[in-house]
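Numbering (the working numbering), first residue to last: 15 to 256. Cβ atoms here follow ideal geometry from the backbone N, Cα and C, with glycine treated the same way. On a predicted model such as this, the values are computed, not experimentally measured, just so you know.
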Amino acid sequence: MSLHPKNRAPETMSEINSEKPDYPFVPYCPERLSEEEMLRRGKELFSELDHRRSVRSFSGDPVPRELIEQAICIASTAPSGAHRQPWQFVCVNDPETKKQIRIAAEQEERQSYEGGRMPPDWLEALAPLGTDWQKPYLEIVPWIVVVFEEVYGVTKTGEKRKNYYVRESVGIACGLFITALHRMGLATLTHTPSPMGFLSEILKRPSNERPYILFPIGYPAPDSSVPDLNRKKLDEVSIWNP
Ligand code: IYR
């Protein structure tokens with residue numbers, strides 16, 4: 015009797031690694047926890063994540079590369095459209111490159127904040143957060159990680175290969191990245207200098223990649239402060255059996 019193709023073992027390593035993978039299905043049986051333990055874990059994680067804050071004032075203390083690598087491994091566990099994993103995490107701790115990024119980001123942001131690119135309602139929405147065009151933290155932080163979305167893939171023979179749900183996939187990976195950094199005791203900011211095309215040039219990325227978001231990563235400056243925000247309550251963000 016022949017097995018369903020999905021259930022047969024791959025024959026060669028090249029089949030496993032090929033660009034048309036035929037994944038064998040394997041058992042998946044994560045441990046079944048008691049409901050009490052499930053709730054305990056959920057509450058513990060909520061409490062931890064509820065203390066996460068975006069930071070705009072960083073210390074220059076160094077952060078080991080291994081921590082950034084670990085956060086990328088965690089981010090890269092994200093589900094993705096057709097399992098294409100359409101993301102690249104471009105990591106920078108070279109002071110000269112950080113300086114170039116700061117100069118270019120501030121140039122764009124200045125246009126946005128003061129050159130009329132951001133409409134008044136947007137500026138008004140941001141006013142309570144105290145943001146402006148100046149981004150000194152881009153030079154101060156030990157690491158900048160720029161996440162690029164792979165708009166399409168490129169095969170080993172140079173052909174274009176379609177990706178699916180790219181923005182959703184990369185967004186989920188970024189959410190996990192932020193969670194990982196916070197869990198490890200690091201601070202970050204979801205920064206989207208707009209437009210972000212300059213990042214492709216400075217970081218020498220190929221044309222199938224588009225900058226998605228920039229994360230300055232480090233420790234908060236000792237005098238760092240954050241706006242005293244409240245998060246929406248459960249009943250403001252959930253609807254049950256409408
Ligand atoms: N990209 C700008 C503006 C900005 C936009 C939003 I929406 C924010 O929540 C915060 C900032 C900047 O990074 O300053």
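Per DSSP, the continuous alpha helix (DSSP H) segment holding Cys87 begins and ends at Arg79 to Ala89.
For Ile227, no alpha helix (DSSP H) encloses it; the enclosing beta strand (DSSP E) starts and ends at Glu223 to Gly232. The criterion of a C-beta distance shorter than 8 angstroms is satisfied by Arg116 and Glu153.
Of all alpha-carbon atoms in Pro109, Ser238, Tyr127 and Phe60, the one lying nearest the alpha-carbon of Gln148 is that of Tyr127.
Taking 8 angstroms as the cut-off, the beta carbon of Ser73 is found closer than this to the beta carbon of Tyr233.
Here Tyr127 carries a helix assignment [DSSP, helix/strand/coil].
Bounds of the alpha helix (DSSP H) holding Trp136 are Pro134 to Leu140.
In this model, Asn107 and Glu50 are separated by some 44 angstroms (Cα to Cα). Under the three-state reduction of DSSP output, Ala118 falls in the helix class. Under a 10 Å Cβ-count criterion, Ile216 is classified as buried, with 16 or more other Cβ atoms of the shown protein chains found around its own Cβ. Glu138 has its CB no nearer than 7 angstroms to any heavy atom of the ligand IYR. Ranked by Cα distance from Pro241, the first of Leu143, Ser208, Pro207 and Glu62 is Leu143.
In the three-state reduction of the DSSP assignment, Lys34 falls in the coil class, being assigned neither a helical nor a strand state.
Beta bridge pairing from DSSP links Ala201 with Gly232.
Taking Pro209 as the centre and dropping the five residues before and after it, the same chain places the C-beta of Glu122 closer than 8 angstroms to its C-beta, in chain order. In this structure, His205 has its beta carbon less than 7 angstroms from a heavy atom of the ligand IYR. Using a cutoff of 7 angstroms, the CB of Thr202 does not count as near the ligand IYR, since none of the ligand's heavy atoms is closer than that.
Boundaries for Gly144: no beta strand (DSSP E) harbours it, and the DSSP string shows neither H nor E there. Shown here, Cys43 sits in coil according to DSSP, grouped into three states, outside any helix or strand.
Rounded to whole angstroms, the gap between the alpha carbons of Lys57 and Phe162 is 33 angstroms. For Lys247, the closest C-alpha among the options Asp146, Ala139, Asp64 and Arg55 is that of Asp64.
Boundaries of the alpha helix (DSSP H) harbouring Phe212: Gly211 to Ile216, taken from the DSSP string.
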